[in-house]
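Chains A, B, C, D and E, in that order, give the protein sequences. For the first sequence, full-length UniProt numbering gives the first residue as 1, with consecutive numbering after it. For the second sequence, full-length UniProt numbering gives the first residue as 1, with consecutive numbering after it. For the third sequence, full-length UniProt numbering gives the first residue as 1, with consecutive numbering after it. For the fourth sequence, full-length UniProt numbering gives the first residue as 1, with consecutive numbering after it. For the fifth sequence, full-length UniProt numbering gives the first residue as 1, with consecutive numbering after it. Note that CB positions come from ideal geometry on N, CA and C, so glycine has one too. Since this is a predicted model, take the numbers as computed values, not measurements.
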Amino acid sequence: MTGSINVIGYALATLGPAIGVAMIFSSAINGIARQPEARGALMGAVYIGFAVVEALAILGFVLAFVIR
Amino acid sequence: MTGSINVIGYALATLGPAIGVAMIFSSAINGIARQPEARGALMGAVYIGFAVVEALAILGFVLAFVIR
Amino acid sequence: MTGSINVIGYALATLGPAIGVAMIFSSAINGIARQPEARGALMGAVYIGFAVVEALAILGFVLAFVIR
Amino acid sequence: MTGSINVIGYALATLGPAIGVAMIFSSAINGIARQPEARGALMGAVYIGFAVVEALAILGFVLAFVIR
Amino acid sequence: MTGSINVIGYALATLGPAIGVAMIFSSAINGIARQPEARGALMGAVYIGFAVVEALAILGFVLAFVIR
Chain A
1 MTGSINVIGY ALATLGPAIG VAMIFSSAIN GIARQPEARG ALMGAVYIGF
51 AVVEALAILG FVLAFVIR
Chain B
1 MTGSINVIGY ALATLGPAIG VAMIFSSAIN GIARQPEARG ALMGAVYIGF
51 AVVEALAILG FVLAFVIR
Chain C
1 MTGSINVIGY ALATLGPAIG VAMIFSSAIN GIARQPEARG ALMGAVYIGF
51 AVVEALAILG FVLAFVIR
Chain D
1 MTGSINVIGY ALATLGPAIG VAMIFSSAIN GIARQPEARG ALMGAVYIGF
51 AVVEALAILG FVLAFVIR
Chain E
1 MTGSINVIGY ALATLGPAIG VAMIFSSAIN GIARQPEARG ALMGAVYIGF
51 AVVEALAILG FVLAFVIR
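Following this line, the structure appears as structure tokens:
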């Protein structure tokens with residue numbers, strides 16, 4: 001039984017953001033499919049939501065190196 | 001392998017409340033998008049639900065310091 | 001690292017019943033909102049479902065004291 | 001801290017099948033409620049799906065006794 | 001308490017892909033049931049999505065043998 005528990009930590013840190021970002025883009029795709037002309041307005045909200053959710057996983061990546 | 005298992009405890013304690021509060025606000029946003037004039041009546045139920053769900057995570061934060 | 005693993009056992013035992021009972025009542029609330037006159041017929045099924053699901057968590061509470 | 005980790009293994013092995021079989025029967029109940037005359041055709045697919053999903057949990061029960 | 005933690009690693013690596021591939025095919029089946037003539041266009045997207053999601057579980061299978 002070898003390996004660092006930090007890898008599990010990063011793995012768990014990606015679980016929520018991965019599903020969350022997928023939910024955001026999934027809603028965006030559904031929205032564009034329903035109203036293609038709303039694409040511009042939709043993508044603005046998508047990029048803001050994507051950035052703040054993705055950041056949580058990136059922080060987990062950083063934390064896996066910093067804390068030992 | 002260092003660190004306190006209390007941090008994992010708090011992390012698990014935020015899992016449910018985070019998804020729960022998000023479900024409440026998500027329903028509120030959907031409801032307001034469908035019937036904007038029902039905003040006042042909706043937000044009353046939202047704040048009550050938000051408070052009792054968020055409290056569970058705050059208790060987890062307290063517990064992480066109290067129990068060692 | 002102190003504490004009993006039985007507390008984690010009870011915690012996991014409440015995870016399913018809590019979500020399950022919430023799904024039952026959520027469906028009941030949606031059903032009553034759609035057809036308020038069906039309230040009596042709905043609540044009969046709700047209480048049966050609630051009892052058999054809640055019992056699983058209560059059994060977990062008992063088990064946490066009995067098995068050591 | 002006593003007990004066998006095989007019990008946790010069986011518990012995890014029931015998690016997916018339990019939710020899966022419930023999804024199958026839930027879809028069947030919704031389908032019958034919508035088109036009661038399609039009951040025969042529906043139940044054929046239900047029993048096939050139920051059998052292959054339930055088998056995974058039964059295998060977990062067997063495995064808990066076989067592997068030590 | 002015997003066994004390799006790599007088996008748990010592979011098991012967790014199949015959790016997401018299994019649900020993900022099921023979501024892809026479930027959407028495809030719903031789509032074909034609604035518009036049977038769109039079958040060709042649908043299955044193209046299905047096979048691309050299936051391949052990239054399934055690959056993650058296959059990589060977990062490889063990793064369970066490679067890393068010790």
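Below 8 Å, enough C-beta pairs join the region 46-61 of chain C and the region 13-26 of chain C to call them touching: three or more. Chain-order list of chain B residues neighbouring I5/A: M1, by C-beta distance under 7 Å. Secondary structure at G3/A: coil, using DSSP grouped into helix, strand and coil. Excluding the 5 residues flanking it on each side, V46/C has same chain C-beta neighbours closer than 7 Å at I24, F25 and A28, in chain order. Taking C-beta separations shorter than 8 Å and ignoring five residues to either side along the sequence, the partners of G31/E in its chain run A38 and L42, following chain order. Taking C-alpha positions only, I48/E is separated from M1/C by approximately 47 Å. Within the UniProt domain "V-ATPase proteolipid subunit C-like" (9-67) of chain B, complete alpha helix (DSSP H) segments of at least 4 residues are found at 39-66, given in chain order. In chain order, V53 place their CB closer than 7 Å to the CB of G20/D, counting only its own chain and leaving out the 5 sequence neighbours on each side. Short of 6 Å from the beta carbon of N6/C, and not among the five residues preceding or following it, lie these beta carbons of its own chain, in chain order: A64. For the set G9/B, G3/B and S4/B, the Cα lying nearest the Cα of L56/B is the one of G9/B. Annotation: P36/A to G44/A spans about 14 Å, alpha carbon to alpha carbon. Relative to A51/D, the option among S4/D, A22/D and R68/D whose CA is nearest is A22/D.
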